[in-house]
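Peer 1: Per the numbering used here, the sequence shown starts with residue 3, numbered consecutively. Note that the Cβ used here is the ideal one computed from N, Cα and C, for glycine as well.
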Amino acid sequence: MTDGARGEQRAAEYLAQRGYTVLARNYRSPYGEIDLICAHGGCIAFVEVKTRSSAKFGAPREAVTPAKQRKIILTAQQWLAEHPTALQPRFDVVEVRRAGARCRIHLIPNAFEVS
3 MTDGARGEQR AAEYLAQRGY TVLARNYRSP YGEIDLICAH GGCIAFVEVK TRSSAKFGAP
63 REAVTPAKQR KIILTAQQWL AEHPTALQPR FDVVEVRRAG ARCRIHLIPN AFEVS
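1. For a test of the three-state rule: what should DSSP assign to glutamate 115, helix, strand or coil?
2. Is it true that the CB of tyrosine 29 sits closer than 8 angstroms to the CB of cysteine 40?
3. Please report how far the alpha carbon of leucine 76 lies from the alpha carbon of lysine 70, in whole angstroms.
4. Valine 96: buried (16+ other C-beta within 10 angstroms of its C-beta) or exposed?
5. Rounded to the nearest angstrom, what separates alanine 1 and isoleucine 36 at their Cα positions?
6. Check valine 20 in the structure and name its three-state DSSP category.
7. What are the residues that DSSP puts in a beta bridge with histidine 85?
8. Would you decide whether glycine 9 is buried or exposed? Buried here means 16 or more other CB atoms lie within 10 Å of its CB.
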């Protein structure tokens, strides 16, 4: 299992412990991929997971660039077209920082919006 896949698994477990229900993992469309799609309260969260083992390249959230955000938004629109829902969409980022076998996880709800 890759570091990214381990990070996604840890993020899914973390979210589940906080009341999120994972609806889909690694959803792909012609526009890109969304790591996790979750229901939480009255929202559907499209979650990008970024895993890092060092700060050499900055904070994990910094990798969710405006170009990456556009791909996630287009992919979320595709998912919503295929799975109509009354839930309010939002875009979350989960940072997973690995240090050996240990992880620190930080959830950023509403990390970005559709503009």
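Peer 2: If we stick to the structure as given:
1. To locate residue 115, count along the sequence shown from 1; it is residue 113. Three-state result, glutamate 115: coil.
2. Residue numbering aside, residue 40 sits at position 38 when the sequence shown is read from its first letter. Residue numbering aside, residue 29 sits at position 27 when the sequence shown is read from its first letter. No, Cβ-Cβ distance for cysteine 40 and tyrosine 29 is not below 8 angstroms.
3. Taking the first residue of the sequence shown as 1, we reach residue 76 at position 74. Taking the first residue of the sequence shown as 1, we reach residue 70 at position 68. Approximately 10 angstroms between the Cα atoms of the pair.
4. As a working mapping, residue 96 is identified with position 94 in the sequence shown. Under this definition valine 96 is a buried residue.
5. Any property of residue 1 remains undetermined from this structure, which presents the chain solely from 3 to 117.
6. The count along the sequence shown starts at 1 and reaches residue 20 at position 18. Residue identity differs from the one stated: residue 20 is arginine in this sequence, not valine. If DSSP states are grouped into helix, strand and coil, arginine 20 belongs with coil.
7. Translated into positions along the sequence shown, residue 85 becomes position 83. Answer is none; histidine 85 lacks a bridge partner.
8. One-based indexing of the sequence shown puts residue 9 at position 7. Buried.
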